[in-house]
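Student:
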Amino acid sequence: MTLWNLSLQNLKSKPLYSFLSVFTLALGIALLLGMQQLKQTFKHHVAPNLGAIDVVVGAKGSPLQLVLASVLHVDHPTGNIAYVTAQKIAKNPMVKSAVPLSYGDNYKGFRIVGTTAPFLTLYQAEFNKGRKVEKAMEVVLGATVAQQLQLRLGDRILSAHGLLENSIDVHADAFTVVGILKPTQKVIDRLIICNLQSVWEVHKHENRAAHASHDHGAAEKEITALLVTFKSPRALLSLPPKLNKMPYIQAALPKYELDKLYETMGIGFKAITGLAYLIFFISGLILFTNLYKMVKERTFDVAILRTYGASHTQLIRIVAQEGLAIGIVAFISAYALITGGLGALITRIHNTTHMYTLQSLSLQELLETGISVFILIIVSVLLAIYPILKMDISTILSHDT
């Protein structure tokens, strides 16, 4: 029988000890890997979508809500602002670009966003098929939309009122698909893009002024938000405060608001990470205790092996291999739990909101956690082999004969 087989037999002979060691260690590893993966997923879906956007201008309300709704498209808008006001802001000498957004409808859960051509530039979006929007009632699809809904060029779709999928309040005017974008791994992948006129046309029956005018003058039109990029960072100190003093509108700083959100979430991340390290430490104690018990309960067997010529090194290898086997099983179990459990949760959220796809852990993160597990095992083994090093063979055999 090889030393590995002997180690495995020892673990099988004490199934409860072995299970507790694997379970607690796997739980600690799973929490550590899970927090790393959630942080990476959050950063992946936030940072790339900010791009060059310095300020989001919209109706007064929660600044964070305005940013989440207009930049990440995961919340409801705070309201509408006059398009003529947005045009005046866009003409400010400090403004490099100002991209208007108008939304409030969806198609099968995917948001329809009315905007202008520079919106695609914000996300470095390129066409996979078709062309850009040239007139009202034409749409360009993000890659995720086209893939999940199996839409093609020339297909016609009917939008529904609101940001949640419904089959009750469906508009009569159909959109025609004229373009499909390449995947960008950004928020634009899950958007349906049209021009502003399309949104105004679809909602003309809701605009009181539209009943009195067929050309929809600029003073009558509204948009949901304005994505502003400044020519110089100095503009951040002067223009947003002025805009916030204006009635009915606010200027929210997306980087600032999302940093605050991340800090708030960071408290939870730190708490769970601290709990993970505590469980990780406790798992080390349990591993040491179980290995130590196994050694103590087999002192007679170990003494017999010594009389047959087994060296200290061979006996220590048996204990070390037991610890290593527990560590390997725990690490694989934890990784499977994170990949399966957390992956299923994120997939469910993705299917509901069309946002968030779980990001894979980097090799560096896996190696760092693996090294921590290895160090924990080495320390536990070193403490557990003390009885072997201090063993008096003649005393043990005399007491058991």
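Sequential numbering of the sequence shown, starting at 6, is according to my numbering. We treat Cβ as the ideally placed atom computed from N, Cα and C, and that holds for glycine.
1) Determine whether the beta carbon atoms of P245 and A256 lie at a separation below 7 angstroms.
2) Would you kindly report the start and end of the unbroken alpha helix (DSSP H) that includes Q190?
3) Determine the extent of the beta strand (DSSP E) in which Y108 is found, giving its start and end residues.
4) Within 10 angstroms of its Cβ, does T83 collect 16 or more other Cβ (buried), or is it exposed?
5) Any beta carbon of chain B sitting closer than 7 angstroms to that of F132?
6) For I117, which option in V386, A179 and L196 has the closest C-alpha, if you only look at C-alpha atoms?
7) Have a look at A341, T374 and F285 and flag the residue whose alpha-carbon is nearest the alpha-carbon of S385.
8) At what residues does the beta strand (DSSP E) containing E143 begin and finish?
9) Taking just the CA atoms, how far does N85 sit from G63?
10) Between the segment 322 to 336 and the segment 19 to 32, can you find at least three pairs of beta-carbon atoms closer than 8 angstroms?
11) So, with DSSP's three-state summary, where would you put S385?
12) Near A214, which residues of its chain fall below 6 angstroms by C-beta distance, leaving aside the five closest residues on each side in sequence?
13) Report the residue from F180, A230 and A330 whose alpha carbon sits nearest the alpha carbon of Q70.
14) Can you tell me whether A179 is helix, strand or coil according to DSSP?
15) For G222, collect the residues of the same chain with a Cβ closer than 7 angstroms to its Cβ; drop the 5 residues on either side in sequence, then sort them by chain order.
16) Within 10 Å of its beta-carbon, does P105 have 16 or more other beta-carbons around it, so buried, or fewer, so exposed?
17) With distances taken Cα to Cα, identify the nearest neighbour of G66 among N54, H81, T181 and V300.
18) Distance check for T181 and Q369, CA to CA, integer angstroms please.
19) Whole angstroms is fine: what's the gap from K250's alpha carbon to N97's?
20) With 16 other CB atoms within 10 Å as the buried threshold, where does R322 fall?
21) Beta-carbon within less than 6 angstroms of A95's beta-carbon, same chain only, minus the 5 sequence neighbours each way: which residues are those?
22) My assumption, with CB atoms under 8 angstroms, is that L186 sits in contact with L158. Please give the rounded CB distance.
23) For S164, which three-state DSSP category applies?
24) In or out: L248 buried (at least 16 other Cβ within 10 Å) or exposed?
25) On the three-state DSSP scale, how would you describe T4?
26) Residues in its own chain within less than 7 angstroms of I287 by CB, not counting five upstream and five downstream?
27) Exposed or buried, what is T126 when buried is set at 16 or more other beta-carbons lying within 10 Å of its beta-carbon?
28) Would a C-beta distance cut-off of 7 angstroms place F124 and V150 closer than the cut-off?
29) Report all residues from its chain with a CB closer than 6 angstroms to the CB of L73; omit the five preceding and five following residues, and keep chain order.
30) When the Cα atoms are used, what is the spatial distance from L292 to T234?
31) Is it buried or exposed for P259, if we count other Cβ within 10 angstroms and need 16 for buried?
Tutor: The answer reads as follows:
1) In the sequence shown, the residue the question calls residue 245 occupies position 240. In the sequence shown, the residue the question calls residue 256 occupies position 251. Judged by beta-carbon spacing, A256 lies within the 7 angstroms limit of P245, meaning their Cβ atoms are closer than that value.
2) By one-based count along the sequence shown, residue 190 stands at place 185. Boundaries cannot be given for Q190, as no alpha helix (DSSP H) includes it and DSSP labels it neither H nor E.
3) Residue numbering aside, residue 108 sits at position 103 when the sequence shown is read from its first letter. From DSSP, the beta strand (DSSP E) with Y108 extends over V100 to Y112.
4) By 1-based counting over the sequence shown, the position of residue 83 is 78. So T83 counts as buried.
5) Although the question refers to chain B, the structure presented lacks it and comprises just one protein chain.
6) As a position in the sequence shown, residue 117 is number 112, starting the count at 1. When only C-alpha atoms are compared, the closest one is L196.
7) Translated into positions along the sequence shown, residue 385 becomes position 380. Among A341, T374 and F285, the Cα nearest to that of S385 is on F285.
8) Here the question's residue 143 lines up with position 138 in the sequence shown. In the DSSP annotation of this structure, the continuous segment of the beta strand (DSSP E) that includes E143 starts and ends at E143 to L146.
9) Locating residue 63 in the sequence shown gives position 58, counting from the first residue. Locating residue 85 in the sequence shown gives position 80, counting from the first residue. Using only the alpha carbons, I get a separation of about 7 angstroms.
10) yes
11) Reading the sequence shown from its first residue, position 380 is the one you call residue 385. Three-state DSSP puts S385 in a helix.
12) Indexing the sequence shown from 1 puts residue 214 at position 209. With a pLDDT of 41 at A214, under the threshold of 50, the predicted position of this residue should be treated as unreliable, though the coordinate-derived value follows. Once the five neighbours on either side are set aside, the close Cβ partners of A214 are E225.
13) In the sequence shown, counting from the first residue as 1, residue 70 sits at position 65. Here the closest residue by C-alpha is A230.
14) Walking along the sequence shown from the start, residue 179 turns up at place 174. The answer is strand: DSSP assigns A179 an E or B state.
15) For the purposes of this step, residue 222 is taken as the residue at position 217 of the sequence shown. Bear in mind that a pLDDT of 47 at G222, under 50, signals an unreliable position, so the number given afterwards is only what the model happens to contain. Closer than 7 angstroms at Cβ, skipping near neighbours: no residue.
16) Mapped onto the sequence shown, residue 105 falls at position 100. Under this definition P105 is a buried residue.
17) Your numbering for residue 66 matches position 61 in the sequence shown. Comparing Cα positions, the closest option is H81.
18) What you label residue 369 is simply residue 364 of the sequence shown in a count that begins at 1. What you label residue 181 is simply residue 176 of the sequence shown in a count that begins at 1. Here the alpha carbon of Q369 sits roughly 46 angstroms from the alpha carbon of T181.
19) As a working mapping, residue 250 is identified with position 245 in the sequence shown. As a working mapping, residue 97 is identified with position 92 in the sequence shown. Rounded to the nearest angstrom, the two C-alpha atoms are 16 angstroms apart.
20) Within the sequence shown, the letter at position 317 stands for residue 322. That one is buried.
21) In the sequence shown, residue 95 corresponds to position 90, counting from 1. Closer than 6 angstroms at the Cβ level, and outside the excluded window around A95, lie A103.
22) What you label residue 186 is simply residue 181 of the sequence shown in a count that begins at 1. What you label residue 158 is simply residue 153 of the sequence shown in a count that begins at 1. Actually they are not in contact, since the Cβ atoms of L186 and L158 sit about 12 angstroms apart, beyond 8 angstroms.
23) Taking the first residue of the sequence shown as position 1, residue 164 is located at position 159. Of the three classes helix, strand and coil, the one that applies to S164 here is strand, per DSSP.
24) Indexing the sequence shown from 1 puts residue 248 at position 243. Burial call: buried.
25) Lying before the first or after the last residue shown, residue 4 is absent from the chain, which here runs from 6 to 406.
26) Stepping through the sequence shown from its first residue, residue 287 is reached at position 282. Here the set comprises T29.
27) Within the sequence shown, residue 126 is the residue found at index 121, counting from 1. Answer is exposed; the Cβ neighbour count stays below 16.
28) Locating residue 124 in the sequence shown gives position 119, counting from the first residue. Locating residue 150 in the sequence shown gives position 145, counting from the first residue. Going by C-beta atoms, F124 is not nearer than 7 angstroms to V150.
29) Start at 1 with the first residue of the sequence shown, and residue 73 comes out as number 68. V79 and D80.
30) Numbered from 1 along the sequence shown, position 287 holds the residue referred to as residue 292. Numbered from 1 along the sequence shown, position 229 holds the residue referred to as residue 234. Cα to Cα, L292 sits roughly 56 angstroms from T234.
31) Here residue 259 is taken as the residue at index 254 of the sequence shown, counted from 1. Label assigned to P259: buried.
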